[in-house]
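Student:
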Amino acid sequence: MLSGPGSYFVRRFLILLWALGLAGTGACRSVDLSVYPKAERTAYLFNFTNDSFEPDVNRLAFLATRDEISRRHNFFLQADQSAARWFVYGSITAFRRKGLMYDDFRNPSRLEFLVLCRLRIYKQTQNERSLVHSEELSARVSFSPAEGVAESEQSALQRLSRLLARQIATVIEKQFLNQQPQSRD
Numbered sequence: 000m001l002s003g004p005g006s007y008f009v010r011r012f013l014i015l016l017w018a019l020g021l022a023g024t025g026a027c028r029s030v031d032l033s034v035y036p037k038a039e040r041t042a043y044l045f046n047f048t049n050d051s052f053e054p055d056v057n058r059l060a061f062l063a064t065r066d067e068i069s070r071r072h073n074f075f076l077q078a079d080q081s082a083a084r085w086f087v088y089g090s091i092t093a094f095r096r097k098g099l100m101y102d103d104f105r106n107p108s109r110l111e112f113l114v115l116c117r118l119r120i121y122k123q124t125q126n127e128r129s130l131v132h133s134e135e136l137s138a139r140v141s142f143s144p145a146e147g148v149a150e151s152e153q154s155a156l157q158r159l160s161r162l163l164a165r166q167i168a169t170v171i172e173k174q175f176l177n178q179q180p181q182s183r184d
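As numbered in numbering that gives the first Met the number 0, residues 0 to 184 make up the sequence shown, in order.
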């Protein structure tokens, strides 16, 4: 067993390494859909609409979702709708900017962003496009532009968009698996 004046730091370092190793193997990883035919995993991502009063949040969410789907390599995004089997629609329904802590002059020193997105997934079967899933997703981040590890609003918005994009990609993968015929053993 480790003992001595430096052993505390060695143990802490080993625990940190162990924790980082577990983080890479758990729920962070997406499902591997490569066993299914590529033609079944084609998707078309529509531009997200914006029903909130925050400009460009829909564009940030769309770009982050496109990047997340491409990064996971489970679906192949198509430039043409006729080549796709799955269709993904996103609509930003609400965006909230809320001050959590204020300085002496009532300026927010810690803020929170919250975004709500209505996600609809359609599947093309024969000559018909049918709704497979509809869900309201939310993502939330808090940040401080002035204290601690300072983060700009733009950086926090990008982080918020990436969180939402991960949720969207996970929902698409789950719905794909739900639509697959179950094997009977």
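Think of the CB as a built atom: it goes at the ideal place given N, C-alpha and C, for glycine as much as any other residue.
Leaving aside the five residues before and after A164 along the sequence, list all residues of the same chain whose C-beta is less than 6 angstroms from its C-beta, in chain order.
Tutor: In the sequence shown, counting from the first residue as 1, residue 164 sits at position 165. Here the set comprises A63, T64 and E67.
Student: Provide the residue span of the alpha helix (DSSP H) that contains S69, from first to last.
Tutor: For the purposes of this step, residue 69 is taken as residue 70 along the sequence shown, with counting starting at 1. Start and end: V56 to R71.
Student: Consult DSSP for N239 and reduce its assignment to one of helix, strand or coil.
Tutor: Residue 239 is absent from the model: the chain starts at 0 and stops at 184.
Student: Mapping DSSP to helix, strand and coil, what is S81?
Tutor: By one-based count along the sequence shown, residue 81 stands at place 82. Reduced to three states, the DSSP call for S81 is helix.
Student: So, does the segment 86-95 touch the segment 41-51, judging by three or more C-beta pairs under 8 angstroms?
Tutor: They touch, by the three-pair rule.
Student: With burial defined as no fewer than 16 other Cβ atoms inside 10 Å of the residue's Cβ, what is the status of L159: buried or exposed?
Tutor: By one-based count along the sequence shown, residue 159 stands at place 160. Classification of L159: buried, given that the 10 Å Cβ count is 16 or more.
Student: Within 10 Å of its beta-carbon, does A26 have 16 or more other beta-carbons around it, so buried, or fewer, so exposed?
Tutor: As a position in the sequence shown, residue 26 is number 27, starting the count at 1. Annotation note: pLDDT 46 at A26 (below 50); position unreliable, no value reported.
Student: May I have the straight-line CA-CA distance separating N57 from F94, to the nearest angstrom?
Tutor: Counting from 1 along the sequence shown, the entry for residue 57 is found at position 58. Counting from 1 along the sequence shown, the entry for residue 94 is found at position 95. Distance between the alpha carbons of N57 and F94 is about 10 angstroms.
Student: Buried or exposed for N177, going by 16 or more other Cβ atoms inside 10 Å?
Tutor: By one-based count along the sequence shown, residue 177 stands at place 178. Classification for N177: exposed.
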